[in-house]
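Counting from 0, one number per residue, gives the positions in the sequence shown under numbering that gives the first Met the number 0.
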Amino acid sequence: MSVALLSVAAVALDALLGEPKRWHPLVAFGNFAGRIEQRFNTGGRGWRSHGVTAWVIAVLPLTLLATALSWAPYVGWIVEIVALYCALGMRSLGEHVEPVARALRSDDLEEARKRVGYLVSRQTSELDSTAVARAATESVLENGSDAVFAAIFWFVVAGAPGVVLYRLSNTLDAMWGYRNERFERFGWAAAKIDDVLNYIPARLVALTYALLGKTRLALKCWRTQAPKWDSPNAGPVMAAGAGALGVELGGPAIYHGELHERPQLGEGAPADADSIDRGWQLVQRGVWLWLLILCVGAEFYA
């Protein structure tokens with residue numbers, strides 16, 4: 000079965016079922032990674048070498064297992080579909096952002112703050128409606144890249160092993176890749192590896208957002224604003240996405256009690272409930288565009 004059909008099957012499965020309800024492999028992996036971190040970063044004293052060792056122990060055996068299973072006769076194609084399905088978070092992303100938009104439209108700011116708190120790590124208790132919408136729109140653009148597009152990219156490049164390697168690495172970055180006293184040294188490897196794995200997908204996503212929205216503005220924002228952002232991959236994605244939507248994102252935000260003066264992203268109207276919905280629609284349209292390109296390419300090279 001072609002990689003295009005396998006990708007379509009996995010995306011369709013995610014759209015139909017969403018994330019596994021009772022037992023998600025990434026939840027189990029997160030618990031496993033937590034125990035590894037306790038062993039190699041006791042009291043936050045782990046060095047970069049400990050972080051590299053922990054990353055290898057957490058990621059490589061499962062990637063090799065995925066490789067072996069995907070090569071198994073008769074069932075290998077099932078493993079491929081399941082691997083991508085478990086790595087995707089497309090329906091889950093929609094299920095998290097849509098309630099934020101609904102709460103804002105109902106003028107229920109407390110509910111909107113609570114809902115957006117499930118999506119972002121910044122402090123949400125004192126956000127006004129514009130700041131809530133800004134946080135949710137940023138999240139849908141960035142998580143669309145990480146949890147959907149990049150997973151598809153690595154599946155196309157390297158099948159089940161590629162998507163397992165990517166998703167586990169991305170999970171470790173979310174757990175260990177912080178610039179604080181506990182993870183500054185230990186989490187260095189997880190953060191850098193995730194940056195490398197996301198470098199090409201992030202730029203393809205930025206281009207996709209630009210093509211499906213206000214193209215000139217998106218490209219301008221990507222060129223002028225992304226270099227000012229502290230993340231080499233989130234910058235292009237969110238700058239291009241904000242430009243494509245014609246909305247202002249970025250700006251100051253409080254993380255763990257500290258005010259971070261972040262650059263402006265995008266240009267145009269302040270964020271609102273509509274910008275959340277339009278951001279989610281942009282991600283969905285982008286995914287179907289990628290799948291269409293894969294299917295056309297598969298037919299062309301058949």
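Using N, Cα and C, we set each Cβ at its ideal position, and we do this for glycine too. Everything numeric in this text was worked out from a predicted model, so none of it was measured.
| Asked | Found |
| --- | --- |
| Touch test, the segment 99 to 116 against the segment 36 to 50, Cβ-Cβ under 8 Å, three pairs minimum | no |
| Rounded straight-line distance, which links the Cα of G33 to that of R21 | 20 Å |
| Limits of the alpha helix (DSSP H) - the one that Y198 falls within | 187 to 211 |
| Inter-residue CB distance, P160 and T62 (contact presumed, cutoff 8 Å) | 5 Å |
| Contacts around S91, its chain only, beta-carbon distance under 7 Å, and the 5 residues preceding and following it disregarded | G17, E18 |
| Integer Cβ distance of W221 from P262, believed to fall under 8 Å | Between P262 and W221 the Cβ distance is about 13 Å, and since that is not below 8 Å, they are no contact. |
| Spatial distance of A297 from L291 (CA atoms) | 10 Å |
| Proximal residues to R202 (C-beta, below 7 Å), its chain only, five neighbours per side dropped | P235 |
| Beta carbon of A82 nearer than 8 Å to that of A67 | no |
| Cα-Cα separation, Y300 to L288 | 18 Å |
| Among R184, Q280, P269, the one whose alpha carbon lies nearest that of G50 | R184 |
| Status (buried if at least 16 other CB within 10 Å, exposed otherwise) for M237 | buried |
| Beta-carbon contacts of D273 that lie in its chain and below 6 Å, excluding the five residues immediately before and after | none |
| Bridge partner(s) assigned by DSSP for Q263 | G249 |
| Residues near D271 by beta carbon distance below 6 Å, same chain, minus five either side | A132 |
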